[in-house]
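Participant:
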Amino acid sequence: MKGLSINLATVRQQWGLREAVEACAKHGITAVAPWRDQVAKQGLSESARIIKDNGMQVTGLCRGGMFPAATREGLQAAIDDNLRAIDEAVTLGADCLVLVVGGLPGSSKDITEARGMVADGIAAILPHARANNMPLAIEPLHPMYAADRACVNTLGQALDICEGLGEGVGVAIDVYHVWWDPELFKQIERAGKLGRILAHHICDWLVPTRDLLLDRGMMGDGVIDLKPIRAAIEAAGFNGPQEVEIFSAENWWKKDGNEVLTTCIERFRTVC
1 MKGLSINLAT
11 VRQQWGLREA
21 VEACAKHGIT
31 AVAPWRDQVA
41 KQGLSESARI
51 IKDNGMQVTG
61 LCRGGMFPAA
71 TREGLQAAID
81 DNLRAIDEAV
91 TLGADCLVLV
101 VGGLPGSSKD
111 ITEARGMVAD
121 GIAAILPHAR
131 ANNMPLAIEP
141 LHPMYAADRA
151 CVNTLGQALD
161 ICEGLGEGVG
171 VAIDVYHVWW
181 DPELFKQIER
191 AGKLGRILAH
201 HICDWLVPTR
211 DLLLDRGMMG
221 DGVIDLKPIR
231 AAIEAAGFNG
241 PQEVEIFSAE
251 NWWKKDGNEV
261 LTTCIERFRT
271 VC
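Taking full-length UniProt numbering, the leading residue of the sequence shown gets 1, the next gets one more, and so forth.
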């Protein structure tokens, strides 16, 4: 299934890494994006072997980031973890390391300071990423996550950081997080001109949403107009796979994994 990638969070409750990759291969899906905990459970070397043996493109490794910290020691620990994440992404042959940058540290209310810590943290790991040819993909998250998961909340903010840091840093555009942004298409065009689009994640926004983290929708079940976003991203020069990333504790995580993959393929063909 050319053009489709499965973020393995989508089937994390059904399968481990090996089973998920093998199931994707059986369905004709040739790209995946694992999470670091899945890789750790399987073992890094074994995960790389499984991915290679099944002919999979790795559209991204999830995730690095989480830079803001209340202490210097905390920030250094985050930097050290991200250096390890870069090495893991290299071993897996990933197209990029996705960065969920982190929110407000400790009891802080200073989001501007937190964003500065993000830029400083990425700057600290960037030489290692460049030396290993591993692009870093900042993923802006919906503002509802600004305090605890990501203080970078718009594509424009992410691109500002990219421009400040230079080569080797780009963006992962996840429709769940950016579909609402009135500047989305302008910023996609900007990202294309800068050559910064590294990944394109898809799912849908349900109405109502029962859980802001664990109730993402399957494409076509919600309100996101996916095709114009895809068209804009492709017009901006990114033609890599669209990566399905669905966290769904009360729906898709409870279904048979093969049914989930079959539905992903059908929706990719019809609504994306």
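All residues carry an ideal CB built from backbone N, CA and C; glycine is no exception. Here the structure is a predicted model, which is why all the values come from computation and not from measurement.
#1: Could you compute how far the alpha carbon of W253 sits from the alpha carbon of G116?
#2: Just to confirm the assignment, what range does the alpha helix (DSSP H) spanning V21 have?
#3: So if DSSP puts G170 in a beta bridge, which residue, or which two residues, is it bridged to?
#4: Output needed for D256: all residues of its chain with C-beta closer than 8 Å, excluding positions within five of it in sequence on either side, in chain order.
#5: Residue range of the beta strand (DSSP E) that A31 falls in?
#6: Is the number of C-beta pairs between the stretch 76–88 and the stretch 2–20 that are closer than 8 Å three or more?
#7: For A31, is the classification buried or exposed, using 16 other Cβ atoms within 10 angstroms of its Cβ as the cut-off for buried?
#8: Does the beta-carbon distance from R149 to V100 come in below 8 Å?
#9: Using DSSP with H/G/I as helix, E/B as strand and the rest coil, what is I197?
#10: Using a threshold of 8 Å, state whether the C-beta atoms of D120 and T154 are closer than that.
#11: Would you kindly check if the distance between the Cβ of L126 and the Cβ of V169 is under 8 Å?
#12: Ignore the nearest five residues each way along the sequence and tell me which others in L92's own chain have a CB closer than 8 Å to its CB.
Facilitator: Let me lay it out:
#1: In the sequence shown, counting from the first residue as 1, residue 253 sits at position 253. In the sequence shown, counting from the first residue as 1, residue 116 sits at position 116. W253 and G116 have their C-alpha atoms roughly 36 Å apart.
#2: For the purposes of this step, residue 21 is taken as the residue at position 21 of the sequence shown. Note, V21: alpha helix (DSSP H), 17–26.
#3: To locate residue 170, count along the sequence shown from 1; it is residue 170. For G170, which the question treats as bridged, DSSP gives the partners A137.
#4: Counting from one through the sequence shown, the residue named residue 256 turns up at place 256. Only Q14 meet the Cβ criterion.
#5: Residue numbering aside, residue 31 sits at position 31 when the sequence shown is read from its first letter. Note, A31: beta strand (DSSP E), 31–33.
#6: no
#7: Against the sequence shown, residue 31 aligns to sequence position 31. The C-beta of A31 has 16 or more other C-beta atoms within 10 Å across all chains shown, which makes the residue buried.
#8: Residue 149 sits at position 149 when you count from the first residue of the sequence shown. Residue 100 sits at position 100 when you count from the first residue of the sequence shown. Yes, the Cβ-Cβ distance between R149 and V100 is below 8 Å.
#9: Sequence index remark: in the sequence shown, residue 197 carries index 197 (1-based). It is a strand residue.
#10: Locating residue 120 in the sequence shown gives position 120, counting from the first residue. Locating residue 154 in the sequence shown gives position 154, counting from the first residue. Taking 8 Å as the Cβ cut-off, D120 and T154 do not qualify as a contacting pair.
#11: Stepping through the sequence shown from its first residue, residue 169 is reached at position 169. Stepping through the sequence shown from its first residue, residue 126 is reached at position 126. Yes, the pair counts as a contact, with Cβ atoms nearer than the cut-off.
#12: As a working mapping, residue 92 is identified with position 92 in the sequence shown. So the list reads P34, V39, L44, S47, A48, I51, V58, L61, once near-sequence residues are dropped.
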